[in-house]
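J.: Chains as they are written, first to last, in this note's numbering: chain A, 1 to 275; chain B, 276 to 550.
Note that beta-carbon positions come from the ideal geometry of N, C-alpha and C, so glycine has one too.
My questions all concern the structure below.
2 protein chains.
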Amino acid sequence: MNRKQLIEQIKIKKSFLCVGLDTDIELIPKFLLDFEDPVLEFNKRIIDATHDLCVAYKPNSAFYESRGIAGWKSLIDTSNYIPETCLGIIDAKRGDIGNTSTMYAKAFFDHASSGMSFDAITIAPYMGSDSVKPFLAFEDKWVILLALTSNEGGKDFQFIDTENGRLFENVIQKANSWAGNDRMMYVVGATRAEEFLNIRKFAPDHFLLVPGVGAQGGSLQEVCKYGLSESCGLLVNSSRSIIFASSGEDFAERAREEAKKLQSEMEILLEEIGF
Amino acid sequence: MNRKQLIEQIKIKKSFLCVGLDTDIELIPKFLLDFEDPVLEFNKRIIDATHDLCVAYKPNSAFYESRGIAGWKSLIDTSNYIPETCLGIIDAKRGDIGNTSTMYAKAFFDHASSGMSFDAITIAPYMGSDSVKPFLAFEDKWVILLALTSNEGGKDFQFIDTENGRLFENVIQKANSWAGNDRMMYVVGATRAEEFLNIRKFAPDHFLLVPGVGAQGGSLQEVCKYGLSESCGLLVNSSRSIIFASSGEDFAERAREEAKKLQSEMEILLEEIGF
Numbered sequence: 001m002n003r004k005q006l007i008e009q010i011k012i013k014k015s016f017l018c019v020g021l022d023t024d025i026e027l028i029p030k031f032l033l034d035f036e037d038p039v040l041e042f043n044k045r046i047i048d049a050t051h052d053l054c055v056a057y058k059p060n061s062a063f064y065e066s067r068g069i070a071g072w073k074s075l076i077d078t079s080n081y082i083p084e085t086c087l088g089i090i091d092a093k094r095g096d097i098g099n100t101s102t103m104y105a106k107a108f109f110d111h112a113s114s115g116m117s118f119d120a121i122t123i124a125p126y127m128g129s130d131s132v133k134p135f136l137a138f139e140d141k142w143v144i145l146l147a148l149t150s151n152e153g154g155k156d157f158q159f160i161d162t163e164n165g166r167l168f169e170n171v172i173q174k175a176n177s178w179a180g181n182d183r184m185m186y187v188v189g190a191t192r193a194e195e196f197l198n199i200r201k202f203a204p205d206h207f208l209l210v211p212g213v214g215a216q217g218g219s220l221q222e223v224c225k226y227g228l229s230e231s232c233g234l235l236v237n238s239s240r241s242i243i244f245a246s247s248g249e250d251f252a253e254r255a256r257e258e259a260k261k262l263q264s265e266m267e268i269l270l271e272e273i274g275f
Numbered sequence: 276m277n278r279k280q281l282i283e284q285i286k287i288k289k290s291f292l293c294v295g296l297d298t299d300i301e302l303i304p305k306f307l308l309d310f311e312d313p314v315l316e317f318n319k320r321i322i323d324a325t326h327d328l329c330v331a332y333k334p335n336s337a338f339y340e341s342r343g344i345a346g347w348k349s350l351i352d353t354s355n356y357i358p359e360t361c362l363g364i365i366d367a368k369r370g371d372i373g374n375t376s377t378m379y380a381k382a383f384f385d386h387a388s389s390g391m392s393f394d395a396i397t398i399a400p401y402m403g404s405d406s407v408k409p410f411l412a413f414e415d416k417w418v419i420l421l422a423l424t425s426n427e428g429g430k431d432f433q434f435i436d437t438e439n440g441r442l443f444e445n446v447i448q449k450a451n452s453w454a455g456n457d458r459m460m461y462v463v464g465a466t467r468a469e470e471f472l473n474i475r476k477f478a479p480d481h482f483l484l485v486p487g488v489g490a491q492g493g494s495l496q497e498v499c500k501y502g503l504s505e506s507c508g509l510l511v512n513s514s515r516s517i518i519f520a521s522s523g524e525d526f527a528e529r530a531r532e533e534a535k536k537l538q539s540e541m542e543i544l545l546e547e548i549g550f
């Protein structure tokens, strides 16, 4: 899904919601454990219940890897279930030297090689340009680079002062020279709403992937106040507060209700900026 | 394998060699493709041929993930084939917010959960302390934090000047407060030999995992000149120049010869410092 198609979906659905599929098998409703692949079954029902309210799904790779082969199989089958009207983001936070990053790109972008073809992948910036560029070699795929993360430890290095602003600002400025806003997004945590204004100086119309709304305490209103751009420019992720809204048989309906609440808020926010 | 046991193995084998199992299925001898799991067969023969000459094996996760489920299975079976006399390092360069890092730790440290129980994992530092600590919660396991990587792009951010030295020096100083040299190692590329002297100021007796000798152009002599510590303190990795020394039926013997060359050099270097 390219930038134009993504913006189109945002207009159609009046939503810039990303649903995080952090599917912890310990937390899904017990009755699903009778299915051959409980995690896949859970994800399919979540997707069926929410795909008209969101524009992206983001499985976090860790929750699948923790279960070994069974988990990897759930991830592959989930990736193939994400509908074409939604951006498929693998939250993998990879990054390695060039020839190795190419292998990671094949793992998540090249269906013939791995069985998966996500539209986008999250990447850690520490190893620099040649760890990122192999992902950009895949046409029409996105790199979503970690800039300012929502966790407490994000402060340890990301806020360090450098000659070109703080480290996360330096990362954005440098990465802007690797690809344009049609191939690159940045991760900016919702728990740092006051920083969005600042980040928009360096990335005025890039899409920002924003985790941390909901369970982590970030506010959608605050994020949008400073973060919305001309082309919307935000994908706001919510994971636990949607997918684990209920642990009963009604989990999918309850997930839909939670997604609907966020989508309704987003609709108003988009109207306010005349999008 | 704890620090004492690792140092013991270095003394017994007169070696601080780590063999990188970057097993690209495109590069292994063609006759292996008749086996049920060609990559596993390749790795087993490499391990059989070299385990008395090296103290660690390091599969890079990317080469396995690129092959989807088949690759993940090769990785699990390889992890279980690494002998107890060698440190099993998964080169995965992970890192995420706390509860998610716990899932990554389960993926690579918790056999009951994932089928794998490596001794050590490489971690990217960008997300800070709470992305690293969940791995340290697993007793007797090691975190190997990226500090100064061997690739060209490593310069993009790692050399940035901060109030506490360059970024990679800052990373080492901060990470020293998260765990001692019995639980934490640092990745320092062999292509930056001149920096070892400097790094030893901050990590005088930590083990450093050193990629980049061989195919990437780093020199073992140079690395040891500045990098060897009282307790050896180095694990020097070589991947392609050992495992792909031959593409014929003699690949394992040729791998042994290459490993033996490095081990012999290491034996002399260890003698020189009276280890």
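#1: Run down chain A in chain order and give the residues with a C-beta less than 8 Å from the C-beta of B/V446.
#2: With 8 Å as the limit, tell me which residues of the stretch 299 to 318 of chain B have their beta carbon closer than that to any beta carbon of chain A; keep them in chain order.
#3: Quick check on A/L146 - is its C-beta less than 8 Å from some C-beta in chain B?
#4: On the three-state DSSP scale, how would you describe B/P479?
#5: Please classify B/L308: is it buried, with 16 or more other beta-carbons within 10 angstroms of its beta-carbon, or exposed?
#6: For B/I593, collect the residues of the same chain with a Cβ closer than 6 Å to its Cβ; drop the 5 residues on either side in sequence, then sort them by chain order.
#7: Which class does A/N80 belong to by DSSP, given the choice of helix, strand or coil?
#8: Which of helix, strand or coil does DSSP assign to A/T296?
#9: Between the stretch 43 to 72 of chain A and chain B, which residues of the former have CB atoms less than 7 Å from a CB of the latter, in chain order?
#10: Applying the 10 Å Cβ sphere with the 16-neighbour rule, what's the burial state of B/A387?
#11: If the criterion is Cβ atoms closer than 8 Å, does the pair B/S231 and B/T466 meet it?
#12: Can you check which of these residues, A/D140, A/F16, A/G248, A/P29, is closest to A/A179 by C-alpha distance?
#13: In chain order, what residues of the same chain have a beta carbon less than 8 Å from the beta carbon of B/L509, not counting five sequence neighbours either side?
#14: By the DSSP assignment, the beta strand (DSSP E) with B/K535 in it spans what residues?
#15: Taking the straight line between their C-alpha atoms, what separation do you get for B/F317 and B/C329?
#16: Are any of the Cβ atoms in chain A nearer than 8 Å to that of B/E427?
#17: Just the chain A side, please: which residues come within less than 8 Å of B/S389 by C-beta, in chain order?
#18: Between A/D140 and chain B, is there a C-beta pair that is closer than 8 Å?
#19: So, are the CB atoms of A/D22 and A/R240 less than 8 Å apart?
#20: Among A/G165, A/E267, A/D156, A/Q5, whose alpha-carbon lies nearest the alpha-carbon of B/A450?
#21: CB B/S389 to CB B/A382, shorter than 8 Å?
#22: Kindly indicate the opening and closing residues of the alpha helix (DSSP H) around B/V314.
#23: Could you tell me which of B/I322, B/F310, B/T375, B/E359 sits nearest to B/P334, measuring between CA atoms?
#24: As a quick exercise: from B/N456, B/E532, B/E505, pick the residue whose alpha carbon is nearest that of B/I518.
#25: Which same chain residues end up closer than 7 Å to A/E169 when comparing Cβ atoms and leaving out the 5 residues on each side of it in sequence?
#26: Closer than 9 Å between beta carbons: that is the criterion. Which residues of the stretch 369 to 382 of chain B meet it against chain A?
#27: With 8 Å set as the bound, which would you pick, yes or no: does the beta-carbon of A/T149 sit closer than that to a beta-carbon of chain B?
#28: For A/I160, which residues in chain B fall below 9 Å Cβ to Cβ?
#29: Quick one: what's got a C-beta closer than 7 Å to B/E524's C-beta in the same chain, skipping five residues either side?
#30: In the stretch 431 to 482 of chain B, which residue ranges form an unbroken beta strand (DSSP E) of at least 3 residues, counting only runs that do not cross its ends?
#31: Interface residues of chain A around B/G403 at Cβ under 9 Å?
#32: Under the assumption that A/G218 contacts A/A245 (Cβ atoms under 8 Å), give the Cβ distance between them as a whole number of angstroms.
#33: Compare the C-alpha of B/K368 against each of A/K261, A/F63, A/P125 and name the closest.
#34: Given a threshold of 16 other Cβ atoms within 10 Å of its Cβ, counted over all protein chains shown, does A/S177 qualify as buried or as exposed?
T.: A quick look at the data gives this:
#1: F157
#2: D299
#3: yes
#4: coil
#5: exposed
#6: This structure cannot settle anything about residue 593 of chain B, because the visible part of chain B is limited to 276 through 550.
#7: coil
#8: Nothing about residue 296 of chain A can be reported from this structure: the residues present for chain A run from 1 to 275 only.
#9: N60, A62, F63, E65, S66, R67, G68, I69, W72
#10: exposed
#11: The structure shown does not extend to residue 231 of chain B, since chain B is modelled only from 276 through 550, so no value can be given for it.
#12: A/D140
#13: F291, F482, L483, V485, V498, C499, G502, L503
#14: Element bounds for B/K535: not the beta strand (DSSP E) but the alpha helix (DSSP H), 526 to 547.
#15: 17 Å
#16: yes
#17: E65, S66, R67, G68, G71
#18: no
#19: yes
#20: A/D156
#21: yes
#22: 313 to 325
#23: B/I322
#24: B/E532
#25: F202
#26: R369, G370, D371, I372, G373, N374, T375, S376, T377, M378, Y379, A380, K381, A382
#27: yes
#28: I435, T437, E438, N439, L442, N445
#29: P304, F306
#30: 459 to 463
#31: T149, N151, E152, G153, G154, K155, D156, F157, Q158
#32: Rounded, the Cβ-Cβ distance is 17 Å, inconsistent with contact.
#33: A/P125
#34: exposed
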